[in-house]
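Colleague:
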Amino acid sequence: MRYDLVFEGGGAKGMVFAGACDEFLKRGHSAGRLLGTSAGAITAALLAAGYSPDEMLAALNEREGGKPVFAGFMGEPGAFTKDEIQAGAIRKLLRDVNLKLLPDLIEDKMDDAIAGILAENLRSRHFFAFVERGGWYAADKFVAWLQSKLDAGLWKTGPRRFSAMTLREFYDVTQTDLSVVAAATTDARLKVPNHRTAPDCPLVWAVRMSMSIPLLWEEVIWKAAWGDYRSCSVTGHVVVDGGMLSNFPIELFMSDQPNVTGLMGPKQDVPVLGLLIYESLPVGPVKRGLLINANVKPGELKTIQRLTRLMDTMIGAHDKMVIEEFEHLVVRLPAAGYGTTEFDMSDERRKALVEAGRRAISNYFDRPRPLAVPRGGAPAPAAKTKDHSDRIATRLLAF
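One gets the numbering used here by counting positions in the sequence shown from 1 and adding 24 to each.
1) Along the chain, where does the alpha helix (DSSP H) that runs through T67 open and close?
2) Is the CB-CB distance between V378 and L84 below 8 angstroms?
3) Which stretch, first to last residue, makes up the alpha helix (DSSP H) that contains D28?
4) In the DSSP assignment, find the alpha helix (DSSP H) that holds V378 and state where it starts and stops.
5) Could you check whether the stretch 158-168 touches the stretch 240-260, counting it as contact only if at least three pairs of C-beta atoms, one from each stretch, sit closer than 8 angstroms?
6) Taking the CB atoms as reference points, tell me whether M288 and F277 lie closer together than 8 angstroms.
7) Across the stretch 66-78 and the stretch 194-211, are there enough close Cβ pairs to call them in contact, namely three or more that are closer than 8 angstroms?
8) Short check: CB of A230 to CB of L191, under 8 angstroms?
9) Check whether the stretch 292-311 touches the stretch 247-258, taking contact to mean three or more Cβ pairs, one atom from each stretch, closer than 8 angstroms.
10) With distances taken Cα to Cα, identify the nearest neighbour of K291 among S279, A42, H150.
11) Of the residues D265, H261, G260, F350, which one's Cα is nearest the Cα of P295?
12) Tell me, please, whether the stretch 172-179 touches the stretch 146-158 by the rule of three or more beta-carbon pairs shorter than 8 angstroms.
13) Could you check if P392 is buried or exposed, using at least 16 other CB atoms within 10 Å of its CB as the buried criterion?
14) Assuming contact is defined by CB atoms lying nearer than 8 angstroms, are Y27 and L297 in contact in what I supplied?
15) Would DSSP call T198 helix, strand or coil?
16) If you check the beta carbons only, do E108 and E156 fall under 8 angstroms apart?
17) Helix, strand or coil for R185? Go by DSSP, reduced to three states.
18) Would you grab the beta carbon distance between A73 and R184 for me? Rounded to a whole angstrom, and I think it's under 8 angstroms.
19) Return the chain-ordered ranges of every alpha helix (DSSP H) run that is complete within the stretch 71-156 and spans a minimum of 4 residues.
20) What first and last residue would you give for the beta strand (DSSP E) that runs through R213?
21) How many angstroms separate the CA atom of G34 from the CA atom of V262?
22) Starting from P358, follow the beta strand (DSSP E) in both directions and report where the run begins and ends.
23) Could you compute how far the alpha carbon of V354 sits from the alpha carbon of N122?
24) Excluding the 5 residues flanking E131 on each side, which residues of the same chain have their C-beta closer than 6 angstroms to its C-beta?
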């Protein structure tokens, strides 16, 4: 059966999607429209590019320098130009602090030297990038990895060559309707880049925007070359992880309201399946050491943990309402005990997570699914359910 698929965001926990997709496709199902946030956007893009379960699993097993290739996604910030340093917030702060005992010329040179040291020193460059570029880490290796994946292997009768394509070019070739969810902090609005809304946006950068966890990875600045969003200029807008506003936007496939179909196209007469990363479900037993249980996650910085809690609070009420409304369409994928930035997880932990995804899909399709009955006991009228879905979607797009 053909399903429209929605993938939740979850950082490194998104590796569970590989097992889920493996079981989904091996059962003979196929994907229609694809919608994803953050890690879900990565999975959706690979599926849209025709990745098979075996190819997705092979990608998870890639290593670089003896470590999982994903560990490099949290990379060293790139070099700062002199103009970038001079125009930055740190240089401005130093300029605004006036040491009265020093002549201005000497103080200016000293301030230039301090800003230059902070920008160039490997120990302080992360802090400098955090202030100036909005993220502790660079995601250059992620972009390079995704480009390589979109050009690797075969698609139909020829080689994949998708890495340089815009969203419109990608749709024209594949005929796969792919949408990703991002959040523009410049105008505090939800953005859903796809071939309708942002046809000239590069596919790779649409995914990069969606997975840009604020303060963890450097912000993405929308470039003039990427064209407009819904016929409006967004050049210079700052775009970050779509999870800021909606981590699980399944309602965008359920509503036929004009403000929704303007983004997603006409509502389809196809069943929808949402893959939800669920931190309350245990993945399964994993062997531990006899004396030491080492599970170090360098990426789980306290700043990021605080931000994650704030984000969870901001979007929690909305996503919980969505999940409750569409419970019968949701597969809960276990991810308890796994970190959002645990990209360097051991092979054993990764395999356990992938297997948990397989089991969750298997249990979903194997269990009997009775008709949903509301708390009052009587089946809800279809019109009432539809109205509720429309209200949820409208509320999301109001951001």
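No residue lacks a Cβ here, since even glycine has one placed at the ideal position from N, Cα and C. This structure is a prediction, so every number in the text was calculated from the model and none was measured.
Modeller: Reading from the atomic positions:
1) In the sequence shown, the residue the question calls residue 67 occupies position 43. Note, T67: alpha helix (DSSP H), 63-72.
2) For the purposes of this step, residue 378 is taken as the residue at position 354 of the sequence shown. For the purposes of this step, residue 84 is taken as the residue at position 60 of the sequence shown. It is a contact, given that the beta carbons lie within the stated cut-off.
3) Counting from one through the sequence shown, the residue named residue 28 turns up at place 4. Per DSSP, D28 belongs to no alpha helix (DSSP H); it is in the beta strand (DSSP E), 26-31.
4) Residue numbering aside, residue 378 sits at position 354 when the sequence shown is read from its first letter. Run containing V378: 371-390, per the alpha helix (DSSP H) assignment.
5) yes
6) If you number the sequence shown from 1, residue 288 lands on position 264. If you number the sequence shown from 1, residue 277 lands on position 253. For M288 and F277, yes; Cβs fall inside 8 angstroms.
7) yes
8) As a position in the sequence shown, residue 230 is number 206, starting the count at 1. As a position in the sequence shown, residue 191 is number 167, starting the count at 1. Closer than 8 angstroms, so yes.
9) no
10) Looking up residue 291 in the sequence shown gives position 267. Among S279, A42, H150, the Cα nearest to that of K291 belongs to S279.
11) Translated into the one-based positions of the sequence shown, residue 295 becomes position 271. Minimum Cα distance to P295 is reached at F350.
12) no
13) Mapped onto the sequence shown, residue 392 falls at position 368. With fewer than 16 other Cβ atoms within 10 Å, it is exposed.
14) The sequence position of residue 27 within the sequence shown is 3, counting from 1. The sequence position of residue 297 within the sequence shown is 273, counting from 1. A contact, by the Cβ cut-off of 8 angstroms.
15) What you label residue 198 is simply residue 174 of the sequence shown in a count that begins at 1. Helix, per DSSP.
16) Stepping through the sequence shown from its first residue, residue 108 is reached at position 84. Stepping through the sequence shown from its first residue, residue 156 is reached at position 132. Taking 8 angstroms as the Cβ cut-off, E108 and E156 qualify as a contacting pair.
17) One-based indexing of the sequence shown puts residue 185 at position 161. If DSSP states are grouped into helix, strand and coil, R185 belongs with coil.
18) To locate residue 73, count along the sequence shown from 1; it is residue 49. To locate residue 184, count along the sequence shown from 1; it is residue 160. Right, their Cβ atoms sit about 6 angstroms apart.
19) 77-84, 106-110, 113-120, 128-144, 149-156
20) To locate residue 213, count along the sequence shown from 1; it is residue 189. Per DSSP, R213 belongs to the beta strand (DSSP E) from 213-215.
21) What you label residue 34 is simply residue 10 of the sequence shown in a count that begins at 1. What you label residue 262 is simply residue 238 of the sequence shown in a count that begins at 1. As the crow flies, the alpha-carbon of G34 is around 21 angstroms from that of V262.
22) Walking along the sequence shown from the start, residue 358 turns up at place 334. Start and end: 354-360.
23) What you label residue 354 is simply residue 330 of the sequence shown in a count that begins at 1. What you label residue 122 is simply residue 98 of the sequence shown in a count that begins at 1. Taking the straight line from one Cα to the other gives about 59 angstroms.
24) Position 107 of the sequence shown holds residue 131. If the five residues before and after E131 are omitted, its C-beta is found closer than 6 angstroms to the C-beta atoms of L123, all from its own chain and listed in chain order.
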